[in-house]
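Colleague: Numbering (the UniProt record's numbering), first residue to last: 1 to 178. Sharing a structure, written as structure tokens. Questions coming.
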Amino acid sequence: MRKLENSELDRKSIEDFKKSDKTPLILVLDDIRSLHNIGSVFRTADAFLIEKIILCGITATPPNKEIHKTALGATETVAWEHHENVLEVIENLKKENVLTLAIEQVESAIFLQDFKVEKNQKYALVFGNEVYGVSQEAVAICDGCIEIPQLGTKHSLNISVSAGIVVWDLFQKLNWPN
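Laid out in structure tokens, this is it:
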């Protein structure tokens, strides 16, 4: 086995990325404090051709040196926008027939492995603050909640790790069912 060189990875140009068909996922980041978490989510979004990231509340926006450290240029490829109020964002997405899903531990949450995707449905995944998670107000107006099962003592994952897990799971369910 031999590690591949960067030149062998068939990377898209920024222009090719922007022209590519996107995975029908929108990532909503609400009140994310860590610039490194934000950058990491951008990089994950680039890897899986995510349609858009919506940054809400205190979540910092590009251009930002600290976001760039982990995004490694993904802020140039992934579409993003900023809005102050996550509740308005969720309501507007629902009006556009986007299924809104909080990624949170709540009563009646669907475990990630049990969540079934629909091929012609667009999804918005709402991720919350590192300390408080997705606000109760946001959870209450989302169409549903997905929970990542955890078996250890913490029952808490870093937001960028959670985003990576959920995005990968939905990406593969949308692209390679069964």
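Ideal Cβ positions, reconstructed from N, Cα and C, are used throughout, including at glycine.
When the Cα atoms are used, what is the spatial distance from L157 to N85?
Modeller: Looking at the two C-alpha atoms, the distance is approximately 24 Å.
Colleague: Quickly, what does DSSP pair D30 with across the bridge? List them, please.
Modeller: DSSP lists C56 as partners of D30.
Colleague: Report, in whole angstroms, the separation of the C-beta atoms of E104 and V134, which I expect to be a contact under 8 Å.
Modeller: That pair is a contact at about 4 Å.
Colleague: Pick from F115, E81, F127, C142: whose alpha carbon is nearest that of L170?
Modeller: Nearest C-alpha to L170: F115.
Colleague: Could you have a look at H83 and say whether DSSP puts it in helix, strand or coil?
Modeller: Note: H83 maps to strand in three-state DSSP.
Colleague: Quickly, what does DSSP pair N129 with across the bridge? List them, please.
Modeller: DSSP lists G133 as partners of N129.
Colleague: Please state the DSSP three-state secondary structure of T75.
Modeller: T75: helix per DSSP, three-state reduction.
Colleague: Starting from A109, follow the beta strand (DSSP E) in both directions and report where the run begins and ends.
Modeller: No beta strand (DSSP E) contains A109, which DSSP labels as neither H nor E.
Colleague: I'd like to confirm the pairing. Which residues does DSSP put opposite C145 in its beta bridges?
Modeller: Beta-bridge pairing links C145 to A102.
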